[in-house]
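Below you'll find the structure, written out as structure tokens, and then a few comments.
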Amino acid sequence: MNLLLVEDDPAMRLSLTRSLERRGLRVQAVGDGPAALALWPQSQADVVVLDLSLPGLDGLEVLAQGRAAGLRTPVLILTARGTVGDRILGLNVGADDYLPKPFDLDELFARIQALGRRAGVAAPAAAPAPAPSFCGMRQDSESGAVYFGDEVLELTPREAALLRALLARPGHAIAKERLFELVFPGELEVQLEAIEVVAYRLRKRIAHTGAQLVTLRGLGYLLKAQA
316 MNLLLVEDDP AMRLSLTRSL ERRGLRVQAV GDGPAALALW PQSQADVVVL DLSLPGLDGL
376 EVLAQGRAAG LRTPVLILTA RGTVGDRILG LNVGADDYLP KPFDLDELFA RIQALGRRAG
436 VAAPAAAPAP APSFCGMRQD SESGAVYFGD EVLELTPREA ALLRALLARP GHAIAKERLF
496 ELVFPGELEV QLEAIEVVAY RLRKRIAHTG AQLVTLRGLG YLLKAQA
């Protein structure tokens, strides 16, 4: 799979290029809007990963001009802008997917694979990751159910989605906005504060496991072992 990466931060651009090339992608990378528009038609890219905050020409304008020129390559917007309004604007301009920073590299790769499949391109398969586990809780990789010991935890679908996201990175804060997208995917009418209700209920559900769901004001949530 050929990938065009448009990212203005040199360190991020180099890191992503190396990481994605190690996973079998052929990556061409540029750091500003005019360079992206110039390279896009010639790159034979199967997927474009496009940052919004670019020097010279904003990422949304790059996308709009590319679509106006007839470029139909699937585009994944990659940006620190995390509001619903920015996401809707990008999708309306012609983006196919949206991933806010900070992000997990495995998720980025999975989304690139999905866009490639949609375009009829075979992407290299990622190596299977071990099932997430913490404090005796573990996620079944096939069913998505979460077990504590040998017993399935009784969770609502939204509670399970939140717990799976937290189990993937125990001890690390995950932004409320990112968790909201995982728990309420595509539900634009739901307010961000709804994630607090799900977190409150989940905290009670896992109180007996030895894990603690911690709220970090201004940062998000994390799982840690109870003291």
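Straight run, no breaks: the sequence shown in my numbering ends on number 542.
Note that beta-carbon positions come from the ideal geometry of N, C-alpha and C, so glycine has one too.
Check, Outcome
"Reference Leu367, options Asp347, Leu507 and Asp361, closest by Cα", "Asp347"
"CB of Leu378 within 8 Å of CB of Gly409, strictly", "yes"
"Where Met316 sits in the DSSP three-state scheme", "coil"
"For Thr530, the residue or residues it bridges with in DSSP", "Tyr536"
"Host beta strand (DSSP E) of Leu414 (start-end)", "Asp412 to Pro415"
"Under the three-state DSSP convention, the category Thr394 falls into", "strand"
"Three-state secondary structure assigned by DSSP to Leu365", "strand"
"Identity of the residue in Ile427, Glu511 and Gln357 nearest Leu531 by Cα", "Glu511"
"Own chain, CB closer than 6 Å to Val342, minus 5 neighbours either side, in chain order", "Leu318, Leu320, Thr332, Leu335 and Glu336"
"Residue span of the alpha helix (DSSP H) that contains Arg426, given as start and end", "Leu420 to Arg433"
"CA nearest to the CA of Arg473, picked from Ala483, Gly535, Ala509 and Asp421", "Ala509"
"For Leu528 and Ala514, believed in contact at Cβ under 8 Å, the rounded distance", "6 Å"
"Opposing strand residues paired with Glu466 [DSSP bridges]", "Phe463"
"Cβ pair count under 8 Å reaching 3, the segment 416–429 against the segment 453–473", "no"
"Range of the contiguous alpha helix (DSSP H) that encloses Val498", "Lys491 to Val498"
"C-alpha gap between Leu329 and Val364, whole angstroms", "14 Å"
"Cβ distance (whole Å) where Ile489 is taken to contact Leu481 below 8 Å", "7 Å"
"Local Cβ density within 10 Å of Asp361, reported as buried at 16 or more and exposed below that", "buried"
"Per-residue burial, Arg387 [other beta carbons within 10 Å of its own, 16 or more giving buried]", "exposed"
"Beta bridge counterpart(s) of Gln454 as assigned by DSSP", "Val461"
"Nearest-angstrom Cα separation, counted from Pro415 out to Arg493", "8 Å"
"Which of helix, strand or coil DSSP assigns to Gln343", "strand"
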